[in-house]
Structure formats: structure tokens, C-alpha cells
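These protein sequence lines are chains E and G, in that order. Per the numbering used here, the very first residue in the first sequence carries number -19; after that it's consecutive. Per the numbering used here, the very first residue in the second sequence carries number -19; after that it's consecutive. Each residue gets a CB set at the ideal place from its N, CA and C atoms; glycine is no exception. In this text the structure is predicted, and so the values were computed from the model without any measurement. Heads up: the structure comes next, in C-alpha cells.
2 protein chains.
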Amino acid sequence: MEFNKVERDLLQAVADLHSIPQGAVNIRRDGEAVLRRSSPNIEIVGKTDRPGIDIIVKPGTVNESVHIPVILTRSGFKDVVYNTFIIGEGSDVLVVAGCGIHNAGQDVSRHDGIHEVIVKKGARMRYVEKHYGEGRPEAQRILNPNTVITVEEGAQAEMELVQIRGVDHTRRVTTAYIYDRGSLKIVEKLLTHRDQEAESTIEIHLVGTGGVAQVISRSVAQESSRQEFRAALIGKARSNGHVECDAIIMDRAQIRSVPELVAENAEAVLTHEAAIGRIAGEQLIKLMSLGLTEQEAVDAILSGFLR
Amino acid sequence: MEFNKVERDLLQAVADLHSIPQGAVNIRRDGEAVLRRSSPNIEIVGKTDRPGIDIIVKPGTVNESVHIPVILTRSGFKDVVYNTFIIGEGSDVLVVAGCGIHNAGQDVSRHDGIHEVIVKKGARMRYVEKHYGEGRPEAQRILNPNTVITVEEGAQAEMELVQIRGVDHTRRVTTAYIYDRGSLKIVEKLLTHRDQEAESTIEIHLVGTGGVAQVISRSVAQESSRQEFRAALIGKARSNGHVECDAIIMDRAQIRSVPELVAENAEAVLTHEAAIGRIAGEQLIKLMSLGLTEQEAVDAILSGFLR
């Protein structure tokens, strides 16, 4: 399978791919699987009823990874994909998803990724999903991820959801159900610029006894962009949940942050912290006194914040 | 003016009144002003178009107070009152409001207090409002305060809003507008028990440059009671806002906390912290090791938390 320069750059941006990775892989380009490879322990099967794949990790599979990046390079292409992940009992795997759009044309390019993730009893999963857009500034790039994750008894999941740059509209919805002693950590990082709009809704149901949830959101809104962040923790059992949202606002940007704590059980302990503010002046002055220009200092602070 | 024992107890609970206080006073009982007295600097005038009063504090009035408690003792009485407060430029006053309901009958007793407060340039106001209900447990007591406050240039306002006990339903709405260098601090304390319901919405618009807002909410939900707390900070200018919500949940109670930070200006700095949890076990054990019963230890912790 050959990829051109644009495609290779997108694959690198969203999945850190410099070459075809080891293990199970599925690369989707403009709505078609251009590369699909299962491994002995991780099976990738095309869905028969609708576009998308099932990723089935055998119980007990450890130290393996699966890469399933998506790229769109045809201007005006609208891609909808349904992926199902079954992370088998007692396994420990890394999932690298992500979507990159190169839109050099006139029309709206759009990808909707609808994901269902089931992390079975005692399994561990790390999931990384990066979103990126590039091309003509006037051409629209839209990315709408919708993920439902179930964390079974004693399972652990960690999700890193990143929107790097260049996505004009995004509506991100993540819904989670955590059962007995399950734990979920979601780290979301978002940068918007120009007149981009980003909306993210995370809803975590702490269903089982001893469940733990942590949400860390860091975002930067530049120029005339707008962000809206909603995170709800619903404690239905003896459980712990914490949400932390930090946002840097610049220029004429607007940010709305609406966390929600719902304790439906007196043994649920739910906490939240949020802050929206500009870059601290002292930090800028310090870096500039070390010889950086103002722009370099701002860039250094932002990349540290979103690292 | 004579008050019976029930009335005196209510006045003491909601306005700390042991006798008729000095200065301007308006005592409303079952929809009628039973005592109205202006002072040289604070005028109290009955509205002519609807029930209620205008409280007009002359510019420059300092170290004075006005007491305007409301009591309801007739079961089934529904009271609606519109009060307007004009706190004159450069003045510094204490306003003691509050409402107590004694309902010994069968019917729903209800008080809706619709307040408009204007704190003029450079003025300072401290406002204390306590709500309390008592009587037959089965008899309903409803209290719905609705307050709109404007804090003008350089003015300072501090509001302490307390629901002590015995209020079956409450829907509290507080809306504020803060202009240049104005500051507002709202402290809300709420206790619900039995199957009571409390809903509180605070919305603060930081309109002017250098405005400061602080909201501190502390609440305890016992037995089968339900609470919903919403606090929005809207930063429209260079300004600072902070919201802090702490709640103790017990028994079969439910609490929902939904803060909202909206930065519409890159110079707005908005922060929020929230926690919902049960009484810390160590605290209980420590107090019990000092000889308190479990119930006494719980009461001591709760009264410290709501002090």
C-alpha cells in the first residue's frame, strides 16, 4: 500500500505513524479500508450491516496495540463510520485512533466516528484519539466523534482525546458507564483558532460500587473561536469522581464551561475544579527576559499547557 | 405593637429580633405591614401599584440598618411582596430581611419575595436573609425569593442567604449585574431534610471593567431531600469571578450541582470549585472519642459547616 506525501503527513499527525506499525492495523481513507491487518490476538472484522469495523481483543492479550487511523483527503467527502471495540477480559492494550482531514477544495469535508468500547472485566485499555485538519483556510473540516464506553468490573481505561488544530466544527460526545471497582480517566485537549467552534460533552455514570472517574480538560481558545465544555459526573453508588477543566482564553474567543455533579447516593464523592483565564503576564515576561519574542513565549506556554 | 409567642420566636429565628430594633423597620405579618417606621436617613414607603415597599437609603448614610422581616402564621396564606431597595451613593448600611412561616394547619403557606436592589456608586451594603419554617410536619411551607441586584461603579455588596430548616419547597433565583470596580459576595447556606426540595439559581453578569464576584455555597441534604444548585458567572469585561460549592449529602438525599463559567472576554478570569461528599469518618471518630454520641458529633460537624 502506497501513500502520498499529504496522506503520510496526516497519518503522522493523528497517529504518530512514520511507517505501517506492527500488530493489528486498519487504515481508512475517504471511506474505504486501504489497509486491514489482524494480529493473532486482535481481530479486525468489517461490519456487514453498516460502514465500520469490529475490533476484538482476545482475553489475556497483553502489551499489544491496534492502530485504526482515518484520513480524508477528498474535498467534500462525508464519512460516517461505526466501530466497536471489545477489549477481552484481563487484557492490556493500546488503541490508537484519530482522524486527519486535508481539505484543499471548496466543499465541506466531514467525518463522524461512532464508537462503542467495552472494556471487559479486569482489562486495561489506553486509547488515544487525535483530530487534525489542514488545507485551504476557507474549506470547512468537521469532526464529530461519539463514543460510548463501558468499563466492567475491575477494568481500567484511560482515554486521551486531542484536537490539535484546523478543525472548524466539532461536536464531541463521550458517555461512560463504570461498574464495580472500574476506573476511567479521560484527558481532553483542545485548541481552537480562527472562527472555529468546538462543543464537548462528557457524561460519566458511576454505576458500580468503588468506581472511579477522572476527567481532565485543557483547552486553548484563540482568535474568534468558541468552545463549550460540559462534563457531568453522576454518582449512583459508593464511588469517586473528579473533574478538572482549565482553559486559556485569548483574543476575541469565548469559552463556556458547564460541569455538573449529581450525587444520587450519599456514598458518592464528587468534586470539580475549573478555571478560565488568560496567559499569566509574569510567565510571559519571564520567558521574554530569557530572549524569546512575545509570540515565541506565548507558543511555549501554550504547548506546555497542552502537552 | 404586640406579638404573641409564635410570632416572637419567628422574628428571632429569621431576623435575630428580640425586641423592636433601632432605626428603620418594616414588619409584615400575613400580608400586612403591622409595623412600619422610617428613620431620618432611611425611608420606607408602601408601593401604591402592588404589595410591597420601597426602601430608600439617602446618599452618605453610614452605620445604619433596616430590618424588614416577614412572618406568616395563618395556614394556607399565600403572600407575594415586591420590595425595592435603593442604597444611596457612598452609604454603608445593613439590611436584615428574612421570612418565617409557622404552619400549624392543613393548607400550603407560601411567601414569594420579589426584590430589586440597587447599590449606587461607591455604596456598601450588607444584606442578610434567613428563611425558616415550622409547625405541623405535614403542612407545606414554600418560600420563593427572587432577587435582582445591581452593583454600580465602585460599590460593594455582600449577601448572606440562609435557609435554616423547615422549608418544604424553595425556588431561589438571584441575578446580579456588576459594573466597573463593583464587587459582590454571595454566601448561601441551605439545609434540607425530610422530603424537602430546594432549587437555587445564581447568575452573575460581570459587565464592568474590574468587577469582582464571589459565590460561596454550603449545603446539607439530609433524609430524602433533594437539592439543585446552579451558579453561572458571565464575564463580559476584564473581571474576576469565583464560585465555590460544598455540599454534605446524607441518608437517601440527592444533590445536583451545575456551575457555569462563561468567558465572553479574554480578560475575564473565572474559577470554580465544587465538592459533594459525606461527613468524613475521621472527623466523626475524633469527636466521638471526645465523648460525644454519634448524633451529637454529626450535629457539631454540620453546624460548623453551615456557620
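is_contact[residue i, chain E] using C-beta, thresh 9 angstroms
i                         : result
aspartate 10 of chain G   : no
glycine 215 of chain G    : yes
serine 237 of chain G     : yes
isoleucine 229 of chain G : yes
arginine 232 of chain G   : yes
glutamate 247 of chain G  : yes
glutamate 240 of chain G  : yes
arginine 121 of chain G   : no
glycine 257 of chain G    : yes
is_contact[residue i, chain G] using C-beta, thresh 9 angstroms
i                         : result
aspartate 279 of chain E  : no
histidine 252 of chain E  : yes
isoleucine 265 of chain E : no
aspartate 87 of chain E   : no
alanine 193 of chain E    : no
glutamate 244 of chain E  : yes
alanine -7 of chain E     : no
Nearest candidate by alpha-carbon position, reference residue i, set the options
i                         : options                                     : result
asparagine 63 of chain E  : E/Tyr157, E/Glu96 and E/Gly215              : E/Glu96
glycine 78 of chain E     : E/Ile67, E/Ser19, E/Tyr107 and E/Ser89      : E/Tyr107
alanine 246 of chain E    : G/Ala260, G/Gly70 and G/Gly271              : G/Ala260
aspartate 148 of chain E  : E/Lys165, E/Ser197, E/His82 and E/Gly191    : E/His82
isoleucine 235 of chain E : E/Ser180, E/Leu(-10) and E/Arg17            : E/Ser180
valine 50 of chain G      : G/Lys100, G/Asp87, G/Val(-6) and G/Val88    : G/Val(-6)
lysine 165 of chain G     : G/Ala227, G/Met139 and G/Ser45              : G/Met139
alanine 4 of chain G      : G/Gly102, G/Ser45 and G/Thr28               : G/Ser45
glutamine 263 of chain G  : G/Leu272, G/Pro39 and G/Ile67               : G/Leu272
leucine 291 of chain G    : G/Val88, G/Lys169, G/Val249 and G/Glu177    : There is simply no residue 291 of chain G to check, as chain G begins at -19 and stops at 287 in what is shown.
valine 75 of chain E      : E/Lys27, E/Glu276, E/Asp175 and E/Gln2      : E/Gln2
glycine 56 of chain E     : E/Ser205, E/Ile67, E/Cys225 and E/Gly85     : E/Gly85
alanine 211 of chain E    : G/Arg161, G/Ile7, G/Val200 and G/Ser237     : G/Ser237
glutamate 183 of chain E  : E/Pro20, E/Leu241, E/Met105 and E/Asp87     : E/Leu241
threonine 127 of chain E  : E/Ala254, E/Phe65 and E/Ala233              : E/Phe65
histidine 111 of chain E  : E/Asp29, E/Arg54 and E/Leu(-9)              : E/Leu(-9)
alanine 135 of chain G    : G/Val142, G/Gly102, G/Thr154 and G/Ile144   : G/Gly102
lysine 169 of chain G     : G/Arg152, G/Ile158 and G/Tyr159             : G/Arg152
aspartate 72 of chain E   : E/His47, E/Ile24 and E/Val42                : E/Val42
valine 37 of chain G      : G/Gly68, G/Val25 and G/Arg16                : G/Gly68
asparagine 220 of chain E : E/Val195, E/Arg258 and E/Phe285             : E/Val195
alanine 137 of chain E    : E/Arg116, E/Asn124, E/Gly162 and E/Arg17    : E/Gly162
glycine 11 of chain G     : G/Gly80, G/His222 and G/Glu276              : G/Gly80
glycine 191 of chain G    : G/Ile158, G/Ser204, G/Ala243 and G/Lys(-15) : G/Ile158
alanine 243 of chain G    : E/Glu244, E/Val223 and E/Ser205             : E/Ser205
serine 19 of chain E      : E/Ile35, E/Ile228, E/Asn124 and E/Thr28     : E/Ile35
leucine 21 of chain G     : G/Phe(-17), G/Leu15 and G/Pro39             : Before going further, note that residue 21 of chain G is asparagine rather than leucine in the sequence given. It is G/Pro39.
valine 167 of chain E     : E/Leu286, E/Arg104 and E/His91              : E/Leu286
glutamate 133 of chain E  : E/Asp160, E/Glu276 and E/Glu109             : E/Asp160
leucine 52 of chain E     : E/Ile24, E/Arg90, E/Gly70 and E/Arg17       : E/Arg90
glycine 70 of chain E     : E/Asp(-4), E/Met105 and E/Val142            : E/Met105
Cβ-Cβ separation, residue j to residue i (assumed contact under 8 angstroms), whole Å
i                        : j                         : result
glutamate 114 of chain E : glycine 146 of chain E    : 5 angstroms
threonine 189 of chain G : alanine 156 of chain G    : Not really, about 16 angstroms apart at Cβ, beyond 8 angstroms.
threonine 172 of chain E : glutamine 120 of chain E  : Wrong, their Cβ atoms sit about 14 angstroms apart, outside the cutoff.
valine 99 of chain E     : valine 60 of chain E      : Contact flag wrong, Cβ pair sits at about 24 angstroms.
arginine 198 of chain G  : aspartate 226 of chain G  : 5 angstroms
histidine 252 of chain G : alanine 254 of chain E    : 4 angstroms
arginine 174 of chain E  : proline 117 of chain E    : 7 angstroms
valine 88 of chain E     : isoleucine 122 of chain E : 6 angstroms
valine 229 of chain G    : glycine 257 of chain G    : For clarity, residue 229 of chain G is isoleucine in the given sequence; the question names valine instead. 7 angstroms between Cβ atoms; contact.
Any non-hydrogen atom of the ligand GTP closer than 8 angstroms to residue i Cβ
i                         : result
isoleucine 184 of chain G : Absent from the structure shown: the ligand GTP. Ligands present: none.
Chain-ordered residues of the segment 26 to 39 of chain G with a beta carbon less than 8 angstroms from chain E: none
Which residue spans inside the segment 92 to 142 of chain E form an unbroken alpha helix (DSSP H) run of at least 4? Entirely contained in the segment 92 to 142 of chain E, not one alpha helix (DSSP H) run reaches 4 residues.
If you scan the segment 243 to 282 of chain G from start to end, which runs of the alpha helix (DSSP H) of 4 or more residues do you find wholly inside it? Qualifying alpha helix (DSSP H) stretches, in chain order: 261 to 269.
Please identify, using Cβ separations under 8 angstroms, the residues of the segment 94 to 109 of chain G that lie next to chain E, in order along the chain. none
Please list the residues of the segment 133 to 164 of chain E that have a C-beta atom closer than 7 angstroms to any C-beta atom in chain G, keeping them in chain order. none
Run through the segment 164 to 238 of chain E for me and flag every whole beta strand (DSSP E) of 3 or more residues, listed as ranges in chain order. 177 to 186, 191 to 201, 206 to 215 and 219 to 229
Residue ranges of each beta strand (DSSP E) within the segment 58 to 86 of chain E, 3 or longer: For the segment 58 to 86 of chain E, whole beta strand (DSSP E) runs of length 3 or above, ordered along the chain, are 58 to 67, 72 to 76 and 79 to 83.
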